[in-house]
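Student: Residue numbers (full-length UniProt numbering): 1 to 88. Just dropping this structure here.
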């Protein structure tokens, strides 16, 4: 996950600079979100992209169903990675 290294370092720096509590949560929120999205996209690129494209806006009932299906696929992909990690 080398592509996420810079975001991880920025998030760690933010946590070092900000005191624990609401200020840190607020101040580091954008980095936390970006890092999480990066890790998910690295682990499950196709599923992550499908969620991004299908769930980005409202739409027809078909699009909402496709969004739900994409979210389920992403969840299953992440679960597979978690199980693999836990079995190490």
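In this text, a Cβ means the ideal position worked out from N, Cα and C, and glycines have one as well. Every value quoted in this text rests on a predicted model; they were computed, and no experiment measured them.
Following the continuous alpha helix (DSSP H) through residue 67, name the residue where it begins and the one where it ends.
Tutor: On the chain shown, position 67 is the one that residue 67 refers to. Note, residue 67: alpha helix (DSSP H), 61-86.
Student: Using C-beta distances below 7 Å, list every residue in its chain close to residue 10, excluding the 5 sequence neighbours before and after it, in chain order.
Tutor: Reading the chain shown from its first residue, position 10 is the one you call residue 10. The answer, listed in chain order, is 31.
Student: If we ignore side chains and look at the alpha-carbon of each, how far apart do residue 57 and residue 73 end up?
Tutor: Reading the chain shown from its first residue, position 57 is the one you call residue 57. Reading the chain shown from its first residue, position 73 is the one you call residue 73. Between residue 57 and residue 73, the C-alpha separation is close to 19 Å.
Student: Kindly give me the distance between the Cβ atoms of residue 4 and residue 47, rounded to whole angstroms, as I take these residues to be in contact under 8 Å.
Tutor: The residue given as residue 4 occupies position 4 in the chain shown. The residue given as residue 47 occupies position 47 in the chain shown. Contact flag wrong, Cβ pair sits at about 17 Å.
Student: Per the contact definition of three or more C-beta pairs closer than 8 Å, is the region 6-25 in contact with the region 33-41?
Tutor: Flag = yes, the region 33-41 and the region 6-25 touch.
Student: Please name the residue, chosen from 21, 26, 43, 27, that lies closest to residue 85 on a Cα-to-Cα basis.
Tutor: Position 85 of the chain shown holds residue 85. Of the candidates 21, 26, 43, 27, the one whose C-alpha sits nearest the C-alpha of residue 85 is 43.
Student: Please identify the residue among 60, 59, 66, 6 whose C-alpha is closest to the C-alpha of residue 50.
Tutor: As a first step, residue 50 must be located in the chain shown, where it is residue number 50. Closest option to residue 50, Cα to Cα, is 66.
Student: Drop a sphere of 10 angstroms on the beta-carbon of residue 23, count the other beta-carbons inside from all chains shown, and report buried for 16 or more, exposed for fewer.
Tutor: On the chain shown, residue 23 is found 23 positions in, with the first residue counted as 1. Residue 23 should be labelled exposed.
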